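Here's the structure we're looking at; comments come further down.
In our numbering, the protein residues as written are 1 to 451.
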């Protein structure tokens, strides 16, 4: 600070040059003042700032203490830190995978582009401090005394420097995350994968680039790879009870296969494989199927959607895989995994088993025959089923142990009851669909149909 007047009429050029060279502020007073007033004012400002920081520190401490006491998940802890700081915050593991990220007004594309490369260029300090070429504010996150990962605050769009309040908030958040890790409630990698899969399914992105960047920040390559969507129906035991999701993720990772593994719904697991385009996907899916069967039993269903090469096609691939899971019923032959081409008429009708129109169709075409069998303790429905399956009267008669004459008589009775001509290919097809639907509804235990 230089006061012009008695000694200096203008600021010495040498002083200006020296301050500029060292990026040092230079204050010029054009008239005389009492320096005691300056000192008092500056001291008051410093004390006010320190007091405000202490008050703010207490507020932040109370916020994160409350979150810790109610076992807040890492997503909420990171989001709170980002909101308090007004800048993007990312929780990453030791592999530099962005497990949780909150952009605080920015976009995932802006924050997470080439995340792993940028992160590796940023050293981890022993305490919360600014580090790396992009001036990230970094706080270590530990688990049982060992470093698990770190919490990173990325400069905002204005590239403003981190201040003491930012440092204090990030430290509190990192401590809360360390405590959350100690409780053992948070499977953070699984939560991150589940969140990413669900965001892909409902397409919570502004475009293909942002989605690609988000997935790649979790260590899953997209460019130059084929993406294979798997849906696994649990049919009974949940993945929480069996640890299926963790076992699949560990096995695939140990095999060098990049994949997202997460929960699509309480009774369904999703797996997104990222494979080199020239590699075969079947051996990998067979490995997933074997592990699933070992964990859940043969009732579990592994379905594979069509392979895609663009990230915005993943949702469609998962929908097709889930449709296959929905279509595989009790009568479907067991296979290690199923693909859309495995869906025949029985599987299609099984998928539509809750549609009341299917039940009406069965009642319309077979109702009279079922009522006749119930009143007369007959088995005309069985006769019709064998005839439609064999598509030959002589073969069908032999299968159920009847003479041809007796069998023909039964067919005439069926034609009379149903008002159908069994010589008509179109009408036989209609009845075949109705019988298949009835068998499917019965096997599924649909309401209104006996087992």
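Note that beta-carbon positions come from the ideal geometry of N, C-alpha and C, so glycine has one too.
For clarity, every value in this text was computed on a predicted model and none was experimentally measured.
Asked: Where the beta strand (DSSP E) containing residue 275 begins and where it ends; Found: 268-276
Asked: CA-to-CA distance, residue 286 to residue 262, given in whole angstroms; Found: 19 Å
Asked: The region 185-200 contacting the region 273-285, beta-carbon criterion three pairs below 8 Å; Found: no
Asked: Buried or exposed (CB count within 10 angstroms, at least 16 for buried), residue 1; Found: exposed
Asked: The region 156-168 / the region 207-214 touching (three or more Cβ pairs under 8 Å); Found: no
Asked: N- and C-terminal bounds of the beta strand (DSSP E) containing residue 140; Found: 136-143
Asked: CA-to-CA distance, residue 355 to residue 410, given in whole angstroms; Found: 32 Å
Asked: Option nearest residue 320 by Cα separation, candidates 151, 232 and 143; Found: 232
Asked: Close beta carbons around residue 185, own chain, < 7 Å, minus the five adjacent residues each side; Found: Unreliable positioning characterises residue 185 in this predicted model, as indicated by a pLDDT of 48, which lies under 50. A coordinate reading is not provided.
Asked: Cα-Cα separation, residue 245 to residue 426; Found: 48 Å
Asked: Length of the line joining the Cα atoms of residue 447 and residue 360; Found: Residue confidence for residue 447 is low, a pLDDT of 43 falling below 50, so the modelled location carries little weight; the figure read from the coordinates is stated next. Rounded to whole angstroms, residue 447 to residue 360 spans 13 Å at the Cα level.
Asked: Exposure of residue 28, with buried meaning 16 or more beta-carbon neighbours within 10 Å; Found: exposed
Asked: Span of the alpha helix (DSSP H), counted from its first residue to its last, around residue 18; Found: 13-21
Asked: Rounded C-alpha distance that separates residue 449 from residue 251; Found: Residue placement at residue 449 is flagged as unreliable, the pLDDT there being 48, under the threshold of 50; the coordinate-derived value follows with that caveat. Cα to Cα, the separation comes out at about 43 Å.
Asked: Alpha helix (DSSP H) segment containing residue 349, residue limits; Found: 345-351
Asked: C-beta contact flag for residue 260 and residue 291 at 8 Å; Found: no
Asked: Counted within 10 angstroms of its Cβ, other Cβ atoms place residue 345 as buried (16 or more) or exposed; Found: exposed
Asked: For residue 96 and residue 121, the rounded distance between their alpha carbons; Found: 11 Å
Asked: Where residue 203 falls: helix, strand or coil (DSSP); Found: coil
Asked: Collapsed DSSP secondary structure at residue 225 in the structure displayed; Found: strand
Asked: Inter-residue Cα distance where the pair is residue 451 and residue 201; Found: Only weak support is given to the placement of residue 451: the predicted model assigns it a pLDDT of 36, under 50, and the value that follows is read from those uncertain coordinates. If I take the Cα positions, the gap works out to 36 Å.
Asked: Residue environment, residue 183, which counts as buried when at least 16 other CB atoms sit within 10 Å; Found: exposed
Asked: Backbone secondary structure at residue 72 - three-state DSSP; Found: coil
Asked: Where residue 437 falls: helix, strand or coil (DSSP); Found: helix
Asked: Three-state class that DSSP yields for residue 424 in the structure shown; Found: coil
Asked: Under the three-state DSSP convention, the category residue 376 falls into; Found: helix
Asked: Opening and closing residue of the alpha helix (DSSP H) in which residue 5 lies; Found: It is not in any alpha helix (DSSP H) - residue 5 carries neither H nor E in the DSSP assignment.
Asked: Backbone CA spacing between residue 162 and residue 46 [nearest angstrom]; Found: 18 Å
Asked: Simplified DSSP state of residue 57, which is helix, strand or coil; Found: helix
Asked: Separation of residue 68 from residue 158, as counted between CA atoms; Found: 32 Å
Asked: Residue 281 in three-state terms, based on DSSP; Found: coil
Asked: Inter-residue CB distance, residue 148 and residue 142 (contact presumed, cutoff 8 Å); Found: 6 Å
Asked: Among 265, 372 and 306, nearest to residue 340 - alpha-carbon criterion; Found: 306
Asked: Cα-Cα separation between residue 333 and residue 269, rounded to whole angstroms; Found: 22 Å
Asked: Neighbourhood of residue 174 by C-beta, 6 Å cutoff - its chain only, sequence neighbours within 5 removed; Found: 139, 141 and 151
Asked: Residue range of the beta strand (DSSP E) that includes residue 259; Found: 258-265
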